[in-house]
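**Q**
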Amino acid sequence: MFHEYRRTWKQKTAKRLQPLSPGQCRVHETGIKMICEYMLKDGRRLGTRRVSSIDTAFADDLFEKLLYKDVDGAKVERRTTVNHAMKTARGAWNTISRAHPHLFPAKNPFEKMGLQSTSRETPHANFDELAAFRAKAIELGYSSLATGVLIGWEWLQRKAHIFIRFMAEHYRPESRPNHVYVINYKTSTGSWEPLFDKKGKPLYPLLMAELDAIKALRPTGGLMLRRDGSSLPWSGKGEMLTQVERISKKIILAAGLRPELTFTSFGRHGGTTEASTSGLTETQLMKKGQWSSTKAMAHYLHHDDEAKQDAQIKRIKRRKQAARK
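Using the numbering used here, you'd call the opening residue of the sequence shown number 700 and step up by one each time.
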């Protein structure tokens, strides 16, 4: 089943308008290895069993058995990884069973498992921390990372979209000189974001100044953000962005910021939280971040007391307005 499933990753489907990215393929491969190499009581690998012998009870038991890993004699939970493995199995079953219905039971045992996400939140940065990171990045000679975190913050972008998908032709092309194309490769969507308000005033003056200067260095197009001091891309083999995270951590520590912060803390997580506390509606947030559902968007919202206080103040204000009528 998984062998056949792999063949579909490079194909476009009705639900997926783009082939899977290398990062998505890595997640699936991790899940496939975890499931197929699980040892059964009779000494065989799970990967040798027929799909017809797997039912919901077996899938639930498999989840429980994989959930904890022995590390130096201690049980360590790996819920996120196992959740992804179950989702990979669910997707593989749904995809391949359509082509071979006679080989599969009618019910997918990996459906409706009630998977719960981990309670651990991605730490999010605030605007002051963003400014401190940018200043230190520029000081250390990593201006591309300074621009990168601002792109993530302002346009709620993921790392891969910033350093792998963002091309020179996406920013103020001749056909749309007042817009930037903000891509979401994960959901095969994108949108042209306005760069100026109705009066012609820049909506992102600092970011636009930096991107205008960068685009002037890209007369033939290509990637907008590249490694400082060279024309090489930030991504490595398999579109890995290890160097972005490694150097970002170096900048974070040099700037005296919270050590738990990462590059991701400044982008989609930090920017989304600021946007939410600034009073954007749910609809506006979903359009800005190109989320497919409110459930997906909620993962990036990190509300603190300020947001809750502001919400209650708005309720009190509305009550007073109603009382005057």
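The C-beta atom is built at its ideal place from N, Cα and C for all residues, glycine as well.
A quick note: this is a predicted structure, and the numbers were derived from the prediction, not measured.
Compute the Euclidean distance between the alpha carbons of Thr-846 and Leu-952, then round it to the nearest angstrom.
**A** Those two C-alpha atoms are separated by around 18 Å.
**Q** Let me see if you follow: with CB-CB separation under 8 Å, is His-727 close to chain B or not?
**A** Protein chain content of the structure displayed is limited to a single chain, and chain B is not contained in it.
**Q** Tell me where the beta strand (DSSP E) around His-823 begins and ends.
**A** Taken as a continuous stretch (DSSP letters only), His-823 belongs to no beta strand (DSSP E), as it is neither H nor E.
**Q** Between the Cα of Asn-883 and the Cα atoms of Ala-859, Arg-871 and Ala-867, which residue gives the shortest distance?
**A** Nearest of Ala-859, Arg-871 and Ala-867 to Asn-883, Cα basis: Ala-859.
**Q** For His-878, which three-state DSSP category applies?
**A** Here His-878 sits in strand by DSSP.
**Q** So, helix, strand or coil for Met-812, using DSSP?
**A** Residue state, collapsed to three classes: coil.
**Q** Got a sec? Which residues, its chain only, sit under 6 Å from Arg-706 by beta carbon, not counting five neighbours each side?
**A** Excluding positions up to five away in sequence, the list is empty.
**Q** Checking 8 Å against the spacing of the C-beta atoms, do Trp-891 and Tyr-880 come in under that value?
**A** Cβ atoms of Trp-891 and Tyr-880: closer than 8 Å.
**Q** Using 8 Å as the threshold, is the C-beta distance between Ala-954 and Lys-914 below it?
**A** Contact flag unset, no.
**Q** Looking only at its chain, what residues have a beta carbon closer than 6 Å to the beta carbon of Thr-755, apart from the 5 residues adjacent to it on each side?
**A** Pro-808, listed in sequence order.
**Q** Classify Trp-891 as helix, strand or coil using the three-state DSSP reduction.
**A** Three-state result, Trp-891: strand.
**Q** Under the three-state reduction of DSSP, which class applies to Met-733: helix, strand or coil?
**A** Note: Met-733 maps to helix in three-state DSSP.
**Q** Taking C-alpha atoms, which residue in Asp-760, Phe-865, Ile-795 and Lys-1024 lies nearest to Gly-889?
**A** Checked all of Asp-760, Phe-865, Ile-795 and Lys-1024; the closest Cα to Gly-889 is Phe-865.
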